[in-house]
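**Q** Handing you a structure now.
4 protein chains.
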Amino acid sequence: MELKMSAAEVENFLEEVYPQMAGRFAVEELSAMQARVRLKVTDADLRPGGTVSGPSMFTLADCAFYIAVLGMIGKQAMTVTTNCSIDFMRKPIPGDLIAEVVLHKLGRVLAVGDVLMRSEGVEAPVARASVTYSIPPVR
Amino acid sequence: MELKMSAAEVENFLEEVYPQMAGRFAVEELSAMQARVRLKVTDADLRPGGTVSGPSMFTLADCAFYIAVLGMIGKQAMTVTTNCSIDFMRKPIPGDLIAEVVLHKLGRVLAVGDVLMRSEGVEAPVARASVTYSIPPVR
Amino acid sequence: MELKMSAAEVENFLEEVYPQMAGRFAVEELSAMQARVRLKVTDADLRPGGTVSGPSMFTLADCAFYIAVLGMIGKQAMTVTTNCSIDFMRKPIPGDLIAEVVLHKLGRVLAVGDVLMRSEGVEAPVARASVTYSIPPVR
Amino acid sequence: MELKMSAAEVENFLEEVYPQMAGRFAVEELSAMQARVRLKVTDADLRPGGTVSGPSMFTLADCAFYIAVLGMIGKQAMTVTTNCSIDFMRKPIPGDLIAEVVLHKLGRVLAVGDVLMRSEGVEAPVARASVTYSIPPVR
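Protein chains in written order, with full-length UniProt numbering: chain A, 1 to 139; chain B, 1 to 139; chain C, 1 to 139; chain D, 1 to 139.
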């Protein structure tokens, strides 16, 4: 399977269809069935003590997964998250989070994969998520 | 098992420890092992088309669960979400979301329960989540 | 929405398509979007100490969900479990388990619902599961 | 972190505490925070058409995870599965299944990790699972 969009094309497409997300994410690497995505953490993502909030980690998992899928299926705004199961394992340190996505299945109807999230520069992951997307039929 | 905090006490406690959340949630009902919580949806929660965003639904599930646990264990800022598995089932309509929480287990170490979310006034739920919290030992 | 099969019809259909399951389950109640199913626990389901094994609880969750779906869509052997997220909360006591299923969504492509499992006669549940089924298109 | 038990020691321990499992699993590789485990598929694991059943895949995920944990914490029969979220992605072909386990966290109280399952010799995985174990305090 081959990529249908480059990292830069995916970033541009995201800013076009989700302008409210503009600048929050950087696509650091995009390859067949894989992606590495950075959440540029700002004060709005932080909880008291400087840790990144749960909803921000959820948003990263969901968005990083979407980026990996977009790379494979091309411009399609309309995929829909149907399930996300997320385990919070350690407190993030203040600073950006890096998500590694692996797609395990990219079917006609469903995409399934895993997302591992780390504080930049720290080996032990802060959270893991498995995500399922429903891919609407192209008409 | 009896409640240790009333709905009003939980709301006040939340605003004290999470001032950034102030005004986002209303505790509509709190009873033994159950809660009903309203997300007061604002423009920041909406996606194009007027639907409530996935991260806002995740935040509601997590916060409503926390409210149900607080009612049972009393003022303890330090419970930690360890897992949330959320299924997105239907597009919310524009407007507030109502979450119904049922705690199935409130152990010494873990709390486990379900959250069902609906657009106000609509019977068919928009999302369901199961949540696990870790309750740190009291010293 | 109305039932397409009665409890007895579902039981007969199951024994026909899954003869290896014959006699393991009883459909105690079947109504629109709901089912109550008994796992007739035998020695093969037990672990040392008399507790019902995790795989037996998983099998109950999966099968009870299938029964609730069958009641609504009629004879269709080919639905496929795509996700099951199960929380084990308490040790079952020796004896039958009762599963209560609620379907939250029965779409054209996906069915989603919750299963709560109890040891017979005990109020506190032993496990909860959320299940997603993919419903293949009818040709 | 170092291993506390070798692959052979774990296999012997399993047969001792779970005699009903004897011969079902082979520990093919065990290293720090990782394991590769084979389910020796027999007729009892198969569904019509020769595919491996869902409960057998669940059992493999749970048991392979337990093996990886045992390698790290040493002989402790009493860990308890608290959550398993499993995605079924493709039909297994008849034959053994191979599970690859990665532990992401091995805390004082909880262990969390992922399990990827494949039909032997086939690259595309048949299922993925995330598992959480509760580790009782040693007295």
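Cβ coordinates follow ideal geometry from the N, Cα and C atoms, glycine included.
Quick one: what does DSSP say residue 133 of chain B is sitting in, helix, strand or coil?
**A** For the purposes of this step, residue 133 of chain B is identified with residue 133 of the second sequence, where counting begins at 1. Residue 133 of chain B falls in the strand class under three-state DSSP.
**Q** Could you check whether the stretch 108-128 of chain B touches the stretch 85-100 of chain B, counting it as contact only if at least three pairs of C-beta atoms, one from each stretch, sit closer than 8 Å?
**A** Short answer: they touch.
**Q** By how many angstroms is the C-alpha of residue 34 of chain D removed from the C-alpha of residue 113 of chain A?
**A** Position 113 of the first sequence, counted from the start, is the residue given in the question as residue 113 of chain A. Position 34 of the fourth sequence, counted from the start, is the residue given in the question as residue 34 of chain D. About 19 Å.
**Q** Let's see if you can read the secondary structure: which residues bound the alpha helix (DSSP H) around residue 72 of chain C?
**A** Residue numbering aside, residue 72 of chain C sits at position 72 when the third sequence is read from its first letter. Here the alpha helix (DSSP H) through residue 72 of chain C covers 54-73.
**Q** Going by CA-CA distance only, name the one from C/8, C/19, C/132 that's closest to residue 79 of chain C.
**A** Sequence index remark: in the third sequence, residue 79 of chain C carries index 79 (1-based). Taking only the C-alpha atoms, the option nearest residue 79 of chain C is C/132.
**Q** Let me check one thing: in DSSP terms, what residues is residue 98 of chain B bridge-paired to?
**A** Against the second sequence, residue 98 of chain B aligns to sequence position 98. B/38, B/118.
**Q** Near residue 4 of chain B, what residues of its chain come up, given a Cβ to Cβ distance below 6 Å and the 5 sequence neighbours on each side ignored?
**A** Position 4 of the second sequence, counting from 1, holds the residue named residue 4 of chain B. Closer than 6 Å at Cβ, skipping near neighbours: 74.
**Q** Using the Cα positions of residue 19 of chain A and residue 39 of chain B, report the straight-line distance between them to the nearest angstrom.
**A** Here the question's residue 19 of chain A lines up with position 19 in the first sequence. Here the question's residue 39 of chain B lines up with position 39 in the second sequence. Roughly 24 Å between the two C-alpha positions.
**Q** For residue 139 of chain A, which residues of its own chain have a beta-carbon under 6 Å away from its beta-carbon, when the five flanking residues on both sides are left out?
**A** The residue given as residue 139 of chain A occupies position 139 in the first sequence. With a pLDDT of only 47 at residue 139 of chain A, under the threshold of 50, the placement of this residue in the model should not be trusted; the figure read from the coordinates follows. Cβ within range, chain order: n/a, list empty.
**Q** Checking contacts by CB at 9 Å: is residue 139 of chain A closer than that to chain C?
**A** Taking the first sequence and counting its residues from 1, the one referred to as residue 139 of chain A is at position 139. Only weak support is given to the placement of residue 139 of chain A: the predicted model assigns it a pLDDT of 47, under 50, and the value that follows is read from those uncertain coordinates. So, not an interface residue.
**Q** Let me confirm a value: residue 45 of chain A is counted as buried when at least 16 other C-beta atoms fall within 10 Å, else exposed. Which label applies?
**A** Position 45 of the first sequence holds residue 45 of chain A. Classification of residue 45 of chain A: buried, given that the 10 Å Cβ count is 16 or more.
**Q** Rounded to whole angstroms, what is the Cα-Cα separation between residue 2 of chain A and residue 37 of chain B?
**A** Counting from one through the first sequence, the residue named residue 2 of chain A turns up at place 2. Counting from one through the second sequence, the residue named residue 37 of chain B turns up at place 37. Near 46 Å, if we compare the C-alpha coordinates of residue 37 of chain B and residue 2 of chain A.
**Q** May I ask you to report which of helix, strand or coil DSSP gives residue 28 of chain A?
**A** For the purposes of this step, residue 28 of chain A is taken as residue 28 along the first sequence, with counting starting at 1. Strand.
**Q** Would you decide whether residue 28 of chain D is buried or exposed? Buried here means 16 or more other CB atoms lie within 10 Å of its CB.
**A** Walking along the fourth sequence from the start, residue 28 of chain D turns up at place 28. Residue 28 of chain D comes out exposed.
**Q** Classify residue 44 of chain D as helix, strand or coil using the three-state DSSP reduction.
**A** Sequence index remark: in the fourth sequence, residue 44 of chain D carries index 44 (1-based). Reduced to three states, the DSSP call for residue 44 of chain D is helix.
**Q** Determine the chain D residues that contact residue 62 of chain C at a beta-carbon separation under 8 Å, and present them in chain order.
**A** By 1-based counting over the third sequence, the position of residue 62 of chain C is 62. Here the neighbours are 54, 55.
**Q** Measure the C-alpha to C-alpha separation of residue 55 of chain D and residue 105 of chain C and round it to an integer number of angstroms.
**A** For the purposes of this step, residue 55 of chain D is identified with residue 55 of the fourth sequence, where counting begins at 1. For the purposes of this step, residue 105 of chain C is identified with residue 105 of the third sequence, where counting begins at 1. When rounded, the distance between both Cα atoms is 24 Å.
**Q** Please list the terminal residues of the continuous alpha helix (DSSP H) segment that includes residue 126 of chain D.
**A** Here residue 126 of chain D refers to the residue found at position 126 of the fourth sequence. Element bounds for residue 126 of chain D: n/a, residue is neither H nor E.
**Q** In whole angstroms, what is the alpha-carbon distance linking residue 93 of chain A and residue 136 of chain B?
**A** Your numbering for residue 93 of chain A matches position 93 in the first sequence. Your numbering for residue 136 of chain B matches position 136 in the second sequence. Spanning the two alpha carbons is a distance of roughly 20 Å.
**Q** Measuring straight from C-alpha to C-alpha, what distance separates residue 9 of chain C and residue 61 of chain C?
**A** Residue mapping note: residue 9 of chain C aligns to position 9 of the third sequence, counting from 1. Residue mapping note: residue 61 of chain C aligns to position 61 of the third sequence, counting from 1. Cα to Cα, residue 9 of chain C sits roughly 20 Å from residue 61 of chain C.
**Q** Give the DSSP bridge partners of residue 12 of chain D, in chain order.
**A** Numbered from its first residue, the fourth sequence carries residue 12 of chain D at position 12. Answer by DSSP bridge pairing: none, since residue 12 of chain D is not bridged.
**Q** Can you tell me the Cα-Cα spacing of residue 72 of chain B and residue 109 of chain B, whole angstroms?
**A** For this step, residue 72 of chain B is matched to residue 72 along the second sequence. For this step, residue 109 of chain B is matched to residue 109 along the second sequence. Approximately 14 Å between the Cα atoms of the pair.
**Q** Using a Cβ-Cβ distance under 9 Å, would residue 125 of chain C count as near chain B?
**A** Against the third sequence, residue 125 of chain C aligns to sequence position 125. At least one chain B Cβ lies under 9 Å of residue 125 of chain C.
**Q** To the nearest angstrom, how far is it from the Cα of residue 111 of chain D to the Cα of residue 69 of chain D?
**A** Within the fourth sequence, the letter at position 111 stands for residue 111 of chain D. Within the fourth sequence, the letter at position 69 stands for residue 69 of chain D. Rounded to whole angstroms, residue 111 of chain D to residue 69 of chain D spans 8 Å at the Cα level.
**Q** Give me the Cα-Cα distance between residue 96 of chain D and residue 95 of chain B, rounded to the nearest whole angstrom.
**A** Numbered from 1 along the fourth sequence, position 96 holds the residue referred to as residue 96 of chain D. Numbered from 1 along the second sequence, position 95 holds the residue referred to as residue 95 of chain B. Between residue 96 of chain D and residue 95 of chain B, the C-alpha separation is close to 51 Å.
**Q** Closer than 8 Å by C-beta to residue 87 of chain A: which residues in its own chain qualify, once you throw out the five before and the five after it? Chain order, please.
**A** As a first step, residue 87 of chain A is located in the first sequence; it is residue number 87 there, counting from the start. Here the set comprises 127, 128, 129.
**Q** Taking the alpha carbon of residue 76 of chain B as the point to measure from, which residue in B/84, B/67, B/82, B/83 has its own alpha carbon closest?
**A** Counted from its first residue, the second sequence places residue 76 of chain B at position 76. Selected option, being the one with the closest Cα: B/67.
**Q** Does the beta-carbon distance from residue 21 of chain A to residue 30 of chain A come in below 9 Å?
**A** Looking up residue 21 of chain A in the first sequence gives position 21. Looking up residue 30 of chain A in the first sequence gives position 30. Not a contact, by the Cβ cut-off of 9 Å.
**Q** What separation, rounded to the nearest whole angstrom, lies between the Cα atoms of residue 57 of chain B and residue 53 of chain A?
**A** Counting from one through the second sequence, the residue named residue 57 of chain B turns up at place 57. Counting from one through the first sequence, the residue named residue 53 of chain A turns up at place 53. Residue 57 of chain B and residue 53 of chain A: Cα-Cα distance of roughly 15 Å.
**Q** Could you tell me the distance, in whole angstroms, from the CA atom of residue 24 of chain A to the CA atom of residue 63 of chain A?
**A** For the purposes of this step, residue 24 of chain A is identified with residue 24 of the first sequence, where counting begins at 1. For the purposes of this step, residue 63 of chain A is identified with residue 63 of the first sequence, where counting begins at 1. Those two C-alpha atoms are separated by around 10 Å.
**Q** Where does the unbroken beta strand (DSSP E) through residue 80 of chain D begin, and where does it stop?
**A** Within the fourth sequence, the letter at position 80 stands for residue 80 of chain D. 80-88 is the span of the beta strand (DSSP E), which, as asked, contains residue 80 of chain D.
**Q** Only counting the same chain, and skipping five residues up and downstream in sequence, which positions put a Cβ closer than 7 Å to that of residue 165 of chain B?
**A** With chain B represented from 1 up to 139, any question about residue 165 of chain B goes unanswered, as that position is not in the structure.
**Q** Listed from N- to C-terminal order along the chain, which residues in the stretch 101-119 of chain D have their beta-carbon within a distance smaller than 7 Å of any beta-carbon of chain B?
**A** Listed in sequence order: 109, 110.
**Q** Please list the residues of the stretch 24-58 of chain A that have a C-beta atom closer than 7 Å to any C-beta atom in chain B, keeping them in chain order.
**A** Within the stretch 24-58 of chain A, the qualifying residues are 54, 55, 58.
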